[in-house]
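For the sequence shown, the positions run -19 to -1, 1 to 346 when mature numbering (1 follows the signal peptide of the UniProt record, and there is no 0) is used.
Let me begin by presenting the structure, written as structure tokens, before commenting on it.
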Amino acid sequence: MAVLLAAPCLGAAPAMAWAVTEETEAKISDAQRRIEESAAAYDAALSRIAELEQQVADNEQRIAELTEELPAQQERSDDAVTVLYKMNREGNSLINMVLASESIVDFLTRIDYLMRYQDRNLETIRTLKAMQQELVDTQASLGAALAEAEEQERQAETSLAEAQEAREQAQREAQEEARREREAREAARKAAEEAAAAAQRAAEEAAREQEAAQGENDEQPEVEAPPVEEVPSTNPSDDGADWSNDKASFVAQWAPRINDYLAGSPMAGTGEVFAEAAWDYGVDPRWSPAISAVESSKGAACFRPHNAWGWGSASWGSWDEAIRAHVSGLARGYGYTLSESAAKKYCPPNWQHWYNRCAEEMNMI
């Protein structure tokens, strides 16, 4: 299994952040698939609704035009019918025209004139019928478009509800995991403190016994404290993401916050892309921007073009493409938000430091 290596985790000793692997790319969870499918269905429904709204507007405009034009066309058609009736009644037969003509040229001229005159009147009548049929067809198309728009709205509501429920579930699970990790860290801290205190007491007792055995003039040995390893000490606050909103409201809430955080950096102005990607893939909207700060000072020191996250050897042609790819990878390979397990996978050599840095950055957004 190929494992992609990334640029060194900033702010720490040289160590490599591990990007998503082929395995995590291939094994998308059912929950994540549900999130992504609901987002795609919601976007597709909204896109179709927009198309139908334009179709409805075009149909309504054409109906208004036809309704305005039809009375005049009806009047012209009535006049044409009257003319044709008179032509037939007055006996403009072929024999009459032959008898009335002074020459063959005169006869042909009369024939051509009458044919043109008749065709023009017939065309007036045909135009009326065509306009009437177009009106009927346009009204039917309008009705069908309105019915489909209503169906698409129902589908959008269903997809939105599914999207909201799936994201809220991911959020709840992440909060529960964070709670368990905090409790485990607290228990480990207490156990470590008790073990250190016991070791200190044992060392002091051993030192006293040695001092008593060697006499008062002997030099007292120094008691060394056990080394202290950095542990996760900063927890990201709850993201406060309101997944009960629709996508537009979610983006409107988070894009300005992320833009404020990224202001002045090479990634300035990408808050809307981060927020859209967070919605589409169902992750904490602060996580990817925070990692960009830890790994590349918000895009100032990229390992590869537009790779602000130490994301393997990947490179992209734009921030838009890069952000969406990274957020997708986080969702599929690391979960909803920052966790100890995610930190151990993303930056295993010094995951504790990486975890603390990410948490600090997330709390700034």
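Every residue gets a Cβ at the ideal spot worked out from N, C-alpha and C, and that includes glycine.
Every value quoted in this text rests on a predicted model; they were computed, and no experiment measured them.
What do you get for residue i, buried or exposed, if any count of 16 or more other CB atoms within 10 angstroms of its CB means buried?
{"i": "L33", "result": "buried"}
{"i": "S140", "result": "buried"}
{"i": "G310", "result": "buried"}
{"i": "P217", "result": "buried"}
{"i": "V117", "result": "exposed"}
{"i": "N288", "result": "buried"}
{"i": "G293", "result": "buried"}
{"i": "L103", "result": "exposed"}
{"i": "R189", "result": "exposed"}
{"i": "Q55", "result": "exposed"}
{"i": "K67", "result": "exposed"}
{"i": "S320", "result": "buried"}
{"i": "A53", "result": "exposed"}
{"i": "E342", "result": "buried"}
{"i": "E185", "result": "exposed"}
{"i": "E17", "result": "buried"}
{"i": "Q42", "result": "exposed"}
{"i": "N337", "result": "buried"}
{"i": "N344", "result": "exposed"}
{"i": "D261", "result": "buried"}
{"i": "K326", "result": "buried"}
{"i": "R305", "result": "buried"}
{"i": "R313", "result": "buried"}
{"i": "A194", "result": "exposed"}
{"i": "Q61", "result": "According to the sequence displayed, residue 61 carries Ala and not Gln. With 16 or more Cβ atoms within 10 Å of its Cβ, A61 is classed as buried."}
{"i": "T63", "result": "exposed"}
{"i": "Q35", "result": "exposed"}
{"i": "T48", "result": "exposed"}
{"i": "A(-14)", "result": "Unreliable positioning characterises A(-14) in this predicted model, as indicated by a pLDDT of 42, which lies under 50. A coordinate reading is not provided."}
{"i": "Q13", "result": "buried"}
{"i": "A128", "result": "exposed"}
{"i": "S58", "result": "buried"}
{"i": "A176", "result": "exposed"}
{"i": "Q191", "result": "exposed"}
{"i": "A183", "result": "exposed"}
{"i": "Q114", "result": "exposed"}
{"i": "residue 361", "result": "Shown here, the chain extends from -19 to 346; a query on residue 361 therefore has no answer."}
{"i": "A172", "result": "exposed"}
{"i": "A295", "result": "buried"}
My assumption, with CB atoms under 8 Å, is that residue i sits in contact with residue j. Please give the rounded CB distance.
{"i": "Q120", "j": "I30", "result": "That belief does not hold up - the Cβ atoms of Q120 and I30 are roughly 21 Å apart, past 8 Å."}
{"i": "L109", "j": "V37", "result": "26 Å between Cβ atoms; not a contact."}
{"i": "A236", "j": "G221", "result": "15 Å between Cβ atoms; not a contact."}
{"i": "V308", "j": "A258", "result": "4 Å"}
{"i": "R285", "j": "A147", "result": "About 32 Å separates the two Cβ atoms, so there is no contact after all."}
{"i": "W335", "j": "V275", "result": "7 Å"}
{"i": "Y242", "j": "P266", "result": "Actually they do not touch by this definition, with Cβ atoms about 11 Å apart."}
{"i": "residue 364", "j": "V254", "result": "Absent from the model: residue 364. The displayed extent of the chain is -19 to 346, so no value can be given."}
{"i": "V232", "j": "T318", "result": "Contact doesn't hold; Cβ gap of about 18 Å is too wide."}
{"i": "W290", "j": "S273", "result": "6 Å"}
{"i": "Q156", "j": "W224", "result": "Contact doesn't hold; Cβ gap of about 12 Å is too wide."}
{"i": "L51", "j": "M112", "result": "6 Å"}
{"i": "A303", "j": "S246", "result": "Actually they do not touch by this definition, with Cβ atoms about 14 Å apart."}
{"i": "N40", "j": "A126", "result": "7 Å"}
{"i": "Y23", "j": "A137", "result": "6 Å"}
{"i": "A144", "j": "A20", "result": "6 Å"}
{"i": "R238", "j": "I346", "result": "6 Å"}
Name the DSSP beta bridge partners of residue i, please?
{"i": "R285", "result": "N288"}
Would residue i count as contacting chain D if we go by Cβ distances under 8 Å?
{"i": "E18", "result": "You won't find chain D in this structure, because it holds only one protein chain."}
Please list the terminal residues of the continuous alpha helix (DSSP H) segment that includes residue i.
{"i": "I272", "result": "268 to 277"}
{"i": "N337", "result": "332 to 343"}
{"i": "A303", "result": "300 to 314"}
{"i": "Y262", "result": "252 to 262"}
{"i": "I239", "result": "228 to 243"}
{"i": "S322", "result": "321 to 327"}
Item to complete: Pick out the complete beta strand (DSSP E) segments inside the segment 118 to 190, 3 residues or longer, and give them in chain order.
Response: Runs of the beta strand (DSSP E) inside the segment 118 to 190: none found.
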